[in-house]
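Novice:
Listed below in structure tokens is the structure:
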């Protein structure tokens, strides 16, 4: 997910975060030049929570100014380190979305599938917030992390689309309470992943992590035993369905274990033959989801606020317990 336009995150208990007002915030001062982000060639810059001065208020902020990513996510978990990264790949995932590959030099840098990063850019005072779309396994194997960022006028997203080049240096810090991270010995669960637009990013990371879990079990015969996964992914049209070829490939590689339904709401062109069996015109409905209700199913949702609210209400109506629903929400 891209927090750069209007976005944020909530905790996994579906509780709204408090409004947060920052006082004397220090990060933008560190971002006025690359030398101040990366004072040494070290791959790691340690910045503890005490480096940030803020206060919280349990009341509504009356100003019409949009809260930035750091404000919106102030109550979310964050790691204590900021790590240097270098852009090693740039591709067009769609007409409006660029996919970045970032080489992470710090071997201690880790994340859980579904989390996001604070994205620090030399010379840009605004800190971006982007959900990771790759798996923790890719980072472990190759030292690579991937982001898919939609073009907006927000400075971090605009920089990625207009100024970012191969070998550009940035800095990242992992955060977020929305993730899937089962441990060996945990009871098997089934997952239903529900995505809207670029909200697919953290869910695609979770899907890739599940693939790694399947591969680990088949290769070593132990570890976490993964149940079935069903992805419902809605977008305006098929051209805006990110990672669709990758998702089709995963379905073919894991028949009966990974399944996907694409939903399009404003399709005007012919749907390609490869996608046709998996595409439904219209929104995700109660009928689509009610067949997956069971005591061992977890539901992960990421998308725009109206979709989150609609799907959450729908799940409640069909008897899904609140503690089985997790979501990442933009607003």
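Numbering (our numbering), first residue to last: 4 to 334. Beta carbons: idealized from backbone N, C-alpha and C, even for Gly.
When you compare each of 217, 91, 141 and 281 to residue 256 by their alpha carbons, which one comes out closest?
Specialist: Counted from its first residue, the chain shown places residue 256 at position 253. Of 217, 91, 141 and 281, the residue nearest in Cα terms is 217.
Novice: Assign residue 327 to one of three DSSP states: helix, strand, or coil.
Specialist: As a position in the chain shown, residue 327 is number 324, starting the count at 1. Three-state result, residue 327: helix.
Novice: Just to check my reading of the structure: residue 174 and residue 82 have Cβ atoms closer than 8 Å, yes? What is that Cβ distance to the nearest angstrom?
Specialist: By 1-based counting over the chain shown, the position of residue 174 is 171. By 1-based counting over the chain shown, the position of residue 82 is 79. That belief does not hold up - the Cβ atoms of residue 174 and residue 82 are roughly 12 Å apart, past 8 Å.
Novice: Near residue 183, what residues of its chain come up, given a Cβ to Cβ distance below 6 Å and the 5 sequence neighbours on each side ignored?
Specialist: Working through the chain shown from its first residue, we reach residue 183 at position 180. Hits under 6 Å: 116, 117 and 209.
Novice: DSSP three-state call for residue 316: helix, strand or coil?
Specialist: Translated into the one-based positions of the chain shown, residue 316 becomes position 313. Residue 316 falls in the helix class under three-state DSSP.
Novice: Grab the span of the beta strand (DSSP E) containing residue 150 for me, first residue to last.
Specialist: Within the chain shown, numbered from 1, the residue matching residue 150 stands at position 147. Element bounds for residue 150: 147-153.
Novice: Would you check if the distance between the CB atom of residue 236 and the CB atom of residue 203 is smaller than 8 Å?
Specialist: Looking up residue 236 in the chain shown gives position 233. Looking up residue 203 in the chain shown gives position 200. Yes, the Cβ-Cβ distance between residue 236 and residue 203 is below 8 Å.
Novice: How would you write the range of the alpha helix (DSSP H) that residue 292 sits in, first residue to last?
Specialist: Here the question's residue 292 lines up with position 289 in the chain shown. 289-293 is the extent of the alpha helix (DSSP H) around residue 292.
Novice: If you reduce the DSSP assignment to three classes, tell me which class residue 279 lands in.
Specialist: As a position in the chain shown, residue 279 is number 276, starting the count at 1. Helix, per DSSP.
Novice: For residue 318, does the count of other Cβ atoms within 10 angstroms reach 16, so buried, or fall short, so exposed?
Specialist: The sequence position of residue 318 within the chain shown is 315, counting from 1. With 16 or more other Cβ atoms within 10 Å, it is buried.
Novice: If we call anything under 8 Å between Cβ atoms a contact, is residue 327 one with residue 301?
Specialist: Position 324 of the chain shown, counted from the first residue, corresponds to residue 327. Position 298 of the chain shown, counted from the first residue, corresponds to residue 301. It is a contact, given that the beta carbons lie within the stated cut-off.
Novice: Out of 230, 278 and 231, which one is the CA nearest neighbour of residue 240?
Specialist: On the chain shown, residue 240 is found 237 positions in, with the first residue counted as 1. When only C-alpha atoms are compared, the closest one is 278.
Novice: Roughly how many angstroms lie between the CA atoms of residue 166 and residue 70, to the nearest whole one?
Specialist: As a first step, residue 166 must be located in the chain shown, where it is residue number 163. As a first step, residue 70 must be located in the chain shown, where it is residue number 67. So the alpha carbons of these two residues sit roughly 25 Å apart.
Novice: Does the Cβ of residue 321 have 16 or more other Cβ atoms within 10 Å, making it buried, or fewer, making it exposed?
Specialist: The residue you call residue 321 lines up with position 318 of the chain shown. Exposed: under 16 other Cβ atoms inside 10 Å.
Novice: Measuring CA to CA, which of 95, 78, 100 and 150 is closest to residue 106?
Specialist: Numbered from 1 along the chain shown, position 103 holds the residue referred to as residue 106. Answer by Cα proximity: 150.
Novice: In chain order, which alpha helix (DSSP H) runs of at least 4 residues are fully inside the stretch 191-267?
Specialist: Here the runs fully enclosed are 203-223 and 247-256.
Novice: Short check: CB of residue 171 to CB of residue 90, under 8 Å?
Specialist: As a first step, residue 171 must be located in the chain shown, where it is residue number 168. As a first step, residue 90 must be located in the chain shown, where it is residue number 87. Going by C-beta atoms, residue 171 is nearer than 8 Å to residue 90.
Novice: Looking at the unbroken beta strand (DSSP E) that takes in residue 95, where does it start and where does it end?
Specialist: Within the chain shown, residue 95 is the residue found at index 92, counting from 1. From DSSP, the beta strand (DSSP E) with residue 95 extends over 84-95.
Novice: Under 8 Å by Cβ, that's how I've got residue 266 and residue 195 pegged, so tell me the actual separation to the nearest angstrom.
Specialist: Taking the chain shown and counting its residues from 1, the one referred to as residue 266 is at position 263. Taking the chain shown and counting its residues from 1, the one referred to as residue 195 is at position 192. Contact doesn't hold; Cβ gap of about 14 Å is too wide.
Novice: Determine the direct distance from the alpha carbon of residue 243 to that of residue 95, and round the result to whole angstroms.
Specialist: The count along the chain shown starts at 1 and reaches residue 95 at position 92. The count along the chain shown starts at 1 and reaches residue 243 at position 240. Each residue's alpha carbon lies about 12 Å from the other.
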